[in-house]
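J.:
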Amino acid sequence: MEITSDSEIISRLRGTCSSMCPEKEMIMREREGLLSPFEVLSTEGDCGTRKAGRNRPRADRRKVVKQFSRPAAGRADADPAQLRPAHVLKDTVTYLFTNVVPQDHPAWSSVYEFVFDRLRAVRQDMVMQGIVGRDAISILEQVVRFHLFASYRLRDAEISEFDPVINKQHLLECLKRLLYLYKVTPGYHHEREEFEGIYLLDNLGDPHALLHCLGLPAQLQTSPLVRQCYKISVAFVLRNYSRALRLMLRLRSPMCLCAVNPHLYTVRINYLQILSAGYSVRNCKYPVEKLREQLALTSTASAIDLCSKCGLIDLFDHPDPNTVGYVSFNKSLFKRPQVEEVKVLPHFNLIPSYITDAIDASHDSHSRTREETCNSMVSKCSVIDAAENGSHEMSKPSAAQFDAVWGLSQGTPVRSHRGRGVRLTPQGDNTPSTPGRGRGRGRRKV
Numbered sequence: 001m002e003i004t005s006d007s008e009i010i011s012r013l014r015g016t017c018s019s020m021c022p023e024k025e026m027i028m029r030e031r032e033g034l035l036s037p038f039e040v041l042s043t044e045g046d047c048g049t050r051k052a053g054r055n056r057p058r059a060d061r062r063k064v065v066k067q068f069s070r071p072a073a074g075r076a077d078a079d080p081a082q083l084r085p086a087h088v089l090k091d092t093v094t095y096l097f098t099n100v101v102p103q104d105h106p107a108w109s110s111v112y113e114f115v116f117d118r119l120r121a122v123r124q125d126m127v128m129q130g131i132v133g134r135d136a137i138s139i140l141e142q143v144v145r146f147h148l149f150a151s152y153r154l155r156d157a158e159i160s161e162f163d164p165v166i167n168k169q170h171l172l173e174c175l176k177r178l179l180y181l182y183k184v185t186p187g188y189h190h191e192r193e194e195f196e197g198i199y200l201l202d203n204l205g206d207p208h209a210l211l212h213c214l215g216l217p218a219q220l221q222t223s224p225l226v227r228q229c230y231k232i233s234v235a236f237v238l239r240n241y242s243r244a245l246r247l248m249l250r251l252r253s254p255m256c257l258c259a260v261n262p263h264l265y266t267v268r269i270n271y272l273q274i275l276s277a278g279y280s281v282r283n284c285k286y287p288v289e290k291l292r293e294q295l296a297l298t299s300t301a302s303a304i305d306l307c308s309k310c311g312l313i314d315l316f317d318h319p320d321p322n323t324v325g326y327v328s329f330n331k332s333l334f335k336r337p338q339v340e341e342v343k344v345l346p347h348f349n350l351i352p353s354y355i356t357d358a359i360d361a362s363h364d365s366h367s368r369t370r371e372e373t374c375n376s377m378v379s380k381c382s383v384i385d386a387a388e389n390g391s392h393e394m395s396k397p398s399a400a401q402f403d404a405v406w407g408l409s410q411g412t413p414v415r416s417h418r419g420r421g422v423r424l425t426p427q428g429d430n431t432p433s434t435p436g437r438g439r440g441r442g443r444r445k446v
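Everything in the sequence shown is counted per UniProt numbering, starting at 1 for the first residue and increasing by one.
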């Protein structure tokens, strides 16, 4: 969601609905039996709307929240009586996070489905009225926290109960919108530091996220949390996975830990692959306990299980996996597991029950070459490390190494020797192959 001028964000519509759900919708949903279990009247009292039909629950005025509905094609302008103003939207979001999200429901996916739908309705009312400024920031901050919290809590749920792709899409949409509002809304925003770090960790290693960080004000760039998240992302780009894991363990923000948690599997497997190549020596053994600490795993059994799935441990010699004390690295036997298992960081085993279109970069990313981008990232990280560790400096990779890390050289069209069209060579290797080699026909002149 992108806004280019103030005229596009100011709407003439102003909602007049003073409750969490318009009266017309409440009566209709009660009559049609469309109420959620979180909205029905639990005991008889005077807070219901009217007597419902046979076997139809009554609506509780204090609990019913407006449902999300797509506007139909050719629909007339929205009725202000069906729209909630900013202060009602804020009260609605507070109610959802105070009374619904903390519920210890046996199937929390139903809680997620309910809150997810009602938050979409809140965002819809915001867009239709053009609500911006601090009111929109306050609402979007809580929405982003909810999607991050749900991605962690439902990480092991079935796809029928929780779709991580859809959740990720809505998370990024709200996060990008929030960061844009931070940029265009004057004044100091005390929560901005955390959400800038979340954006870096959620898009770990993404060049656009790193360029966005380089364009932040100096006060934000030097803040401890943003600086730490930036160094994690740069370490991931430079394939320094050991450093990335060490920095991840120092994170103390629950939301930042939720954002980085899905990337742990990739970081651990990539780190194991590097170790298997570096220590691939006969009769060379690596202590499992030390490996567990480097991989940020909670137990030795978890490290053994991960190594065995990568083909690094021969369990035939050790019937009991818990007795394995060393790992034998072999780069020829290493294999990447097909099933991705995302585990939580060791010290992050409890999340508080209560959690209260692309970003416009400050400079054109296309005007920077990949080499300039690499130089700016490495120089920034070097200055930070030098300030913290004295004489420590990071090596500066070349432009070719930077392309290899990013995988930017997807292929260069080269005319084949056989004249059969265009061939794409991987990683920018434009060396033409020699036809007939291995077939006894010799080289052909071009």
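Ideal Cβ placement from N, Cα and C applies to all residues, glycine included.
Decide if TYR354 is buried, meaning its Cβ has at least 16 other Cβ atoms within 10 Å, or exposed.
T.: In the sequence shown, residue 354 corresponds to position 354, counting from 1. With a pLDDT of only 37 at TYR354, under 50, the local geometry of the prediction cannot be trusted, and the value read off the model is given with reservation. Under this definition TYR354 is an exposed residue.
J.: Any chance you could list the alpha helix (DSSP H) runs of at least 4 consecutive residues sitting entirely within the region 263 to 329, in chain order?
T.: The alpha helix (DSSP H) runs of length 4 or more contained entirely in the region 263 to 329 are, from start to end of the chain, 264 to 278, 288 to 295 and 300 to 309.
J.: Would the beta-carbon of LEU247 be found less than 6 Å away from any heavy atom of the ligand MN?
T.: The ligand MN is absent from the structure shown, which contains no ligand whatsoever.
J.: Checking the sheet assignment: what are the DSSP bridge partners for ALA86?
T.: To locate residue 86, count along the sequence shown from 1; it is residue 86. DSSP, once it has assigned bridges, lists no residue as partnering ALA86.
J.: Mind checking GLN169: buried by the 16 CB within 10 Å criterion, or exposed?
T.: One-based indexing of the sequence shown puts residue 169 at position 169. With fewer than 16 Cβ atoms within 10 Å of its Cβ, GLN169 is classed as exposed.
J.: Just mark LEU216 as buried or exposed, buried being the case when its beta carbon has 16 or more other beta carbons within 10 Å.
T.: Translated into the one-based positions of the sequence shown, residue 216 becomes position 216. Buried, because 16 or more other Cβ atoms sit within 10 Å of the Cβ of LEU216.
J.: For ILE384, which of helix, strand or coil comes out of DSSP?
T.: Numbered from its first residue, the sequence shown carries residue 384 at position 384. Because ILE384 sits at a pLDDT of 43, beneath the cut-off of 50, its placement in the model cannot be relied upon, and the point is left open.
J.: Express the C-alpha separation of ALA296 and VAL226 in angstroms, rounding to a whole number.
T.: If you number the sequence shown from 1, residue 226 lands on position 226. If you number the sequence shown from 1, residue 296 lands on position 296. One C-alpha to the other measures close to 22 Å.
J.: Only counting the same chain, and skipping five residues up and downstream in sequence, which positions put a Cβ closer than 7 Å to that of PHE38?
T.: As a first step, residue 38 is located in the sequence shown; it is residue number 38 there, counting from the start. So the qualifying residues of the chain are LYS63, VAL100 and PHE114.
J.: Exposed or buried, which one is GLU196 when buried takes at least 16 other CB atoms within 10 Å?
T.: By one-based count along the sequence shown, residue 196 stands at place 196. With 16 or more other Cβ atoms within 10 Å, it is buried.
J.: Go ahead and pull the three-state DSSP assignment for ALA78.
T.: Your numbering for residue 78 matches position 78 in the sequence shown. In the structure shown, ALA78 sits in coil (DSSP, three-state: anything other than H, G, I, E or B).
J.: Kindly indicate which three-state DSSP category ASP104 falls into: helix, strand or coil?
T.: The sequence position of residue 104 within the sequence shown is 104, counting from 1. The DSSP-derived three-state label of ASP104 is coil.
J.: Just list the residues that DSSP pairs VAL40 with in beta bridges.
T.: Here the question's residue 40 lines up with position 40 in the sequence shown. Per DSSP, ALA59.
J.: Beta-carbon within less than 8 Å of GLN124's beta-carbon, same chain only, minus the 5 sequence neighbours each way: which residues are those?
T.: In the sequence shown, residue 124 corresponds to position 124, counting from 1. Excluding residues within five positions, the ones whose Cβ falls inside 8 Å are PHE68.
J.: Are VAL127 and LEU175 closer than 7 Å when you measure CB to CB?
T.: Within the sequence shown, residue 127 is the residue found at index 127, counting from 1. Within the sequence shown, residue 175 is the residue found at index 175, counting from 1. No; because the gap between Cβ atoms is not below 7 Å, this pair is not in contact.
J.: Can you name, in chain order, every residue of its own chain whose Cβ lies under 6 Å from the Cβ of SER365, other than the five neighbours on each side?
T.: If you number the sequence shown from 1, residue 365 lands on position 365. In this prediction, SER365 has a pLDDT of 41, which is less than 50 and means its spatial position is unreliable; what the coordinates show is noted afterwards. The residues are LEU211.
J.: What are the boundary residues of the alpha helix (DSSP H) that VAL203 is part of?
T.: By one-based count along the sequence shown, residue 203 stands at place 203. It should be pointed out that residue 203 corresponds to Asn in this sequence rather than to Val. No alpha helix (DSSP H) holds ASN203; DSSP gives it neither H nor E.
J.: Between the region 242 to 251 and the region 178 to 188, do three or more beta carbon pairs fall short of 8 Å?
T.: no
J.: Which of the three DSSP states is assigned to VAL132 in this structure?
T.: As a working mapping, residue 132 is identified with position 132 in the sequence shown. Residue state, collapsed to three classes: coil.
J.: Whose CA, out of CYS307, VAL122, ALA81 and LEU181, lies closest to the CA of ILE137?
T.: For the purposes of this step, residue 137 is taken as the residue at position 137 of the sequence shown. Closest by alpha carbon: LEU181.
J.: I want to know whether the region 260 to 274 touches the region 292 to 310 - three or more CB-CB distances under 8 Å.
T.: yes
J.: Would you mind sorting GLN219 into buried or exposed? The rule is 16 or more other CB atoms within 10 Å of its CB.
T.: In the sequence shown, counting from the first residue as 1, residue 219 sits at position 219. Flag for GLN219 reads exposed.
J.: So is TYR279 in contact with chain D if we call contact Cβ pairs under 7 Å?
T.: Among the chains of the structure shown, chain D does not appear; only one protein chain is present.
J.: Return the residue from the list TYR279, PRO71 and SER42 that minimises the CA-CA distance to ASP60.
T.: Numbered from its first residue, the sequence shown carries residue 60 at position 60. It is SER42 whose Cα lies nearest to the Cα of ASP60.
J.: Using the beta-carbon count (16 or more within 10 Å), is ILE198 buried or exposed?
T.: On the sequence shown, position 198 is the one that residue 198 refers to. Buried, by the Cβ-count rule.
J.: Look at the alpha carbon of ILE139 and the alpha carbon of ARG120, and state the distance between them as a whole number of angstroms.
T.: Start at 1 with the first residue of the sequence shown, and residue 139 comes out as number 139. Start at 1 with the first residue of the sequence shown, and residue 120 comes out as number 120. For ILE139 and ARG120, the distance between alpha carbons rounds to 12 Å.
J.: To the nearest angstrom, how far is it from the Cα of GLU173 to the Cα of ASP117?
T.: Counted from its first residue, the sequence shown places residue 173 at position 173. Counted from its first residue, the sequence shown places residue 117 at position 117. Straight-line Cα distance between these residues: approximately 15 Å.
J.: Using the Cα positions of CYS307 and VAL327, report the straight-line distance between them to the nearest angstrom.
T.: Translated into positions along the sequence shown, residue 307 becomes position 307. Translated into positions along the sequence shown, residue 327 becomes position 327. C-alpha separation (whole angstroms): 8 Å.
J.: Mind checking MET28: buried by the 16 CB within 10 Å criterion, or exposed?
T.: Counted from its first residue, the sequence shown places residue 28 at position 28. The residue is exposed, with fewer than 16 neighbouring Cβ atoms inside 10 Å.
J.: Quick one, which of LEU35, LEU83, GLU194 and ARG14 has its alpha-carbon nearest GLN221's?
T.: Taking the first residue of the sequence shown as 1, we reach residue 221 at position 221. It is GLU194 whose Cα lies nearest to the Cα of GLN221.
J.: From SER151 to SER110, what does the alpha carbon distance come to, in whole angstroms?
T.: Here residue 151 is taken as the residue at index 151 of the sequence shown, counted from 1. Here residue 110 is taken as the residue at index 110 of the sequence shown, counted from 1. Their backbone Cα atoms lie some 14 Å apart in a straight line.
J.: Roughly how many whole angstroms lie between the Cα atoms of VAL288 and LEU272?
T.: Here residue 288 refers to the residue found at position 288 when the sequence shown is read from its first residue. Here residue 272 refers to the residue found at position 272 when the sequence shown is read from its first residue. Looking at the two C-alpha atoms, the distance is approximately 12 Å.
J.: By DSSP, does PRO190 sit in helix, in strand, or in coil?
T.: Start at 1 with the first residue of the sequence shown, and residue 190 comes out as number 190. Reading the sequence as shown, one finds His at residue 190 and not Pro. Looking at HIS190 - three-state DSSP - the assignment turns out to be coil, as it is neither helix nor strand.
J.: Enumerate in chain order the residues of its own chain whose CB-to-CB distance from MET20 is below 6 Å, with the five nearest sequence positions on each side excluded.
T.: The residue you call residue 20 lines up with position 20 of the sequence shown. VAL65 and THR92.
J.: Does the beta-carbon of residue 450 have 16 or more other beta-carbons within 10 angstroms, so that it is buried, or is it exposed?
T.: Nothing about residue 450 can be reported from this structure: the residues present for the chain run from 1 to 446 only.
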